[in-house]
Each structure stands twice: as C-alpha cells, then as structure tokens.
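2 protein chains.
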Amino acid sequence: MISKKDIPCFENPLGKAMGIITKNYWGALSKKLEHIGIDRHFTTMAAIAQAKEKCTQQYLSDLLAVDKVHMVRVLDYLVSHGMITRTVNPLDRREHIIKHTAKAKKIMPVIQNGIAEMNKTAFKGFNTKEKELFNGFVETIILNLKNLPVNEVDIKIKK
Amino acid sequence: MISKKDIPCFENPLGKAMGIITKNYWGALSKKLEHIGIDRHFTTMAAIAQAKEKCTQQYLSDLLAVDKVHMVRVLDYLVSHGMITRTVNPLDRREHIIKHTAKAKKIMPVIQNGIAEMNKTAFKGFNTKEKELFNGFVETIILNLKNLPVNEVDIKIKK
DNA sequence: AAAACTAGTTAACATTGTTTACTGTTAATA
DNA sequence: TATTAACAGTAAACAATGTTAACTAGTTTT
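So the protein sequences, as listed, match chains A and B.
Take 1 as the starting number for the first sequence in this note's numbering and just add one per residue.
Take 1001 as the starting number for the second sequence in this note's numbering and just add one per residue.
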C-alpha cells in the first residue's frame, strides 16, 4: 500500500495541512456565518476591522497578498452584502477609503470568535513554547521561499 | 502601521506560508517545465510514478484528496499532453488503470528533482531534529482539524 | 432478476487568479 | 508650464479549480 510519505511532494506537509484547514474549518465557519450575511472573505473583514491607518484597496491588497483586481471583486461582494462602504479620499481622489458599516461592526465579534476558535482547535495540545517554536519554523520557511526568482530554479534532465 | 500579526487569522501562519510556496516555488517549477511538456499537476504525476498497487482514478482521488470529477479533468490534461494512458481494467471493467507513457517516464526525474529542490529550499537551515519536530507539529494540527464536523463549530453573537 | 453500489463521465455553474487595457488623479521633471 | 510618469481603481476576457446533479456502464448483494 502506497502511503503519502512515498510521494516526495508530501514530505513537505504544508500543502496537506492547508487543504484540511480550508475544507474543515473555514468551511464550517462559512456555513455558520452565511445566515448572518456573508459566507466568505472573513480575513478581509478582519483586516478592515483592525486597520490602524487609512484603509485603501491597495493597502488591503498588499496586506493580504491578494491581487488588486481580485480585491475589487472581494470588496464588490462586501458592498453588495452591506458590510462596507467605499468613499473617495478627498485628499487624494485616486484612493477609495474602505469602512465597515454598522451591520458589519455587529457581526465582527462572530468572525473574530470564529477565527480564534480555529486557532484554538488547530493548536490543541500545544504549549506556549511549542506554539512559538512552530511559528518560528513557519517564519523561516516563509523567508526561505520569499522572493525566490523564477530563474534560480534550474533543473537539468538526466539522459 | 498595522502588521499581519494584528489580524487574528494570521496568528496561524499556515495560510500565509502556503500562498508563498504556491506562488514562488510551484510557479518557478511550472515555468521551467512548460517547455518539457506540462506546466502543472506535478503531484499527480509523482503519485502515478510511485503507485505500488493498481492505479485507478478513484485511488488517485483518495490519495491526493481531490474530487473525482476534478481528477477526470486533470487526467484529461495529462492524456492530451501525452503523459498517461487510460486502460479499462479487464478484471473490473468499471475501472480505468492509469499508466505513464515513455515520454512521462523521461521527464519524471525533472519533476522529482524539482519537488526535492522545493523541499530543500523550504527547509534550508533546519537540522534533522527540527525538520522532524516541524513535521510532528503539522501532523498534530492535521489531526486536530481532521473530520471536524460542521456542527461542532458553534459561535454565538454577543448582544 | 431486481436493487444497490461503484467507477467514471458530462454539463452547468461559482469562485479565484491573471492579463490587458482603460479612466481618472497626482507627482515628477524638463 | 507642459509633458510625462506613476498610482488607485475598474472592466472585460479568460483559465484553472471546486462543486453539484444527472448520467452510463459494470459489479455485487439480496
């Protein structure tokens, strides 16, 4: 019987973990929250809630590492669901300032709790030191892979 | 200045790491390999190469945690690029046996090297013990989140 | 023989990501 | 000042992925 350990891409288990997180936890949260008004884009909602400076679309794109074209659609979704307003910045009329509506402010605790619950469940059994260790590992992996130029990957075919 | 640490969903950094892996490393590998014949579905290729029992579509779906409908399209892609053959199993004519073509066998070392390179880059600076520790953490997180019933997530709105 | 199950396919649709081209606004500079 | 470059956001088109439902064909169960 083949196991996933025999497939080299699964030696790095990040992909597997991510799939399970997405399917199980975000999925569960989505179903819970669709009755309240939205069923996705929770991280964008959280980012808007906690933005400490002027919250433009470009700012959100950079923060969440999402293409600005896609961000337009995310924000269209949130506008159409009554969660945010877009206002032109009078100081720089190119910019749109994103703000939560009253409705959004009301449901933010639910989203925050949901996200907190996800983290609590994911790290069940970890003590503080282990959690820090894990986060450090991930930070290192991110640095190892960040800004990897396409041309640096150079693999030759064996004859 | 808001940092990603202020957004609770980023306290669990798996999502962030996964995005970087996908964009940088798989992206780089894709560009390298498109000249050889394919630019995606490398994990499926690796799984087929190392399958130790009869390699049906259902088997691959289960192993790679991919929907069987999507698997049809992945295999259509690989057939159309001359990488695999589909043969009806004479012992059970419902099943299709997936096998690599000669062309695929030729490029598999490139894919294997690419994947190995990804792991090497990602874990640069890790010693064996740290790598094992990290993998153990990920296994625990996977177990923590696996089969999480949708109904178990129960969050109440604060008034 | 009928019913239930399994493997795979097809079609339709939604979401996400990417590219290109575009409008309008602001900043840089010659 | 006039021109050019840069920036924020939008629109349209398209590809890739994920999901559901309905379907064919073959196998197993009863």
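We put the beta carbon where it would ideally sit given N, CA and C, even for glycine.
Everything numeric in this text was worked out from a predicted model, so none of it was measured.
Contact belief for residue i with residue j at Cβ below 8 Å, rounded distance in angstroms
| i | j | result |
| --- | --- | --- |
| isoleucine 1036(B) | isoleucine 1107(B) | 5 Å |
| isoleucine 20(A) | isoleucine 1020(B) | Actually they do not touch by this definition, with Cβ atoms about 19 Å apart. |
| threonine 44(A) | leucine 64(A) | 6 Å |
Length of the line joining the Cα atoms of residue i and residue j
| i | j | result |
| --- | --- | --- |
| threonine 140(A) | glycine 1027(B) | 20 Å |
| glutamate 1034(B) | methionine 1083(B) | 13 Å |
| isoleucine 1111(B) | phenylalanine 1042(B) | 7 Å |
| threonine 1128(B) | lysine 54(A) | 45 Å |
| histidine 1100(B) | threonine 1022(B) | 25 Å |
| glutamate 132(A) | alanine 1104(B) | 43 Å |
| valine 1066(B) | leucine 1078(B) | 16 Å |
| valine 72(A) | glutamine 57(A) | 8 Å |
| proline 1109(B) | asparagine 1135(B) | 25 Å |
| glutamate 130(A) | glutamate 95(A) | 42 Å |
| valine 1069(B) | serine 30(A) | 23 Å |
| arginine 40(A) | glutamate 1117(B) | 35 Å |
| aspartate 1092(B) | alanine 1102(B) | 25 Å |
| valine 74(A) | histidine 81(A) | 11 Å |
| leucine 176(A) | phenylalanine 1123(B) | The requested residue 176(A) does not occur in the structure, where chain A is confined to residues 1 to 159. |
| glutamine 975(B) | isoleucine 1098(B) | A query on residue 975(B) cannot be resolved here, the shown segment of chain B reaching from 1001 to 1159 and no further. |
| lysine 1146(B) | proline 90(A) | 49 Å |
| isoleucine 38(A) | lysine 120(A) | 23 Å |
| lysine 52(A) | aspartate 1062(B) | 45 Å |
| phenylalanine 1126(B) | isoleucine 1115(B) | 17 Å |
| valine 982(B) | asparagine 24(A) | Outside the shown range of chain B (1001 to 1159) lies residue 982(B), about which nothing can therefore be said. |
| aspartate 76(A) | threonine 85(A) | 10 Å |
| alanine 1046(B) | lysine 1032(B) | 17 Å |
| asparagine 1144(B) | asparagine 1113(B) | 32 Å |
Cβ of residue i within 8 Å of any chain B Cβ
| i | result |
| --- | --- |
| isoleucine 142(A) | yes |
| threonine 128(A) | no |
| threonine 121(A) | yes |
| lysine 146(A) | yes |
| lysine 124(A) | yes |
Within-8 Å CB hit, residue i to chain A
| i | result |
| --- | --- |
| isoleucine 1020(B) | yes |
| alanine 1104(B) | no |
| glycine 1082(B) | no |
Query raised in the report: Just by C-beta distance, which residues in the stretch 1022-1048 of chain B are closer than 8 Å to chain A?
Result: Of all residues in the stretch 1022-1048 of chain B, those with a C-beta nearer than 8 Å to a C-beta of chain A are Asn1024, Tyr1025, Gly1027, Ala1028, Leu1029, Lys1031, Lys1032, Ile1036, Phe1042, Thr1043, Ala1046 and Ala1047, reading in chain order.
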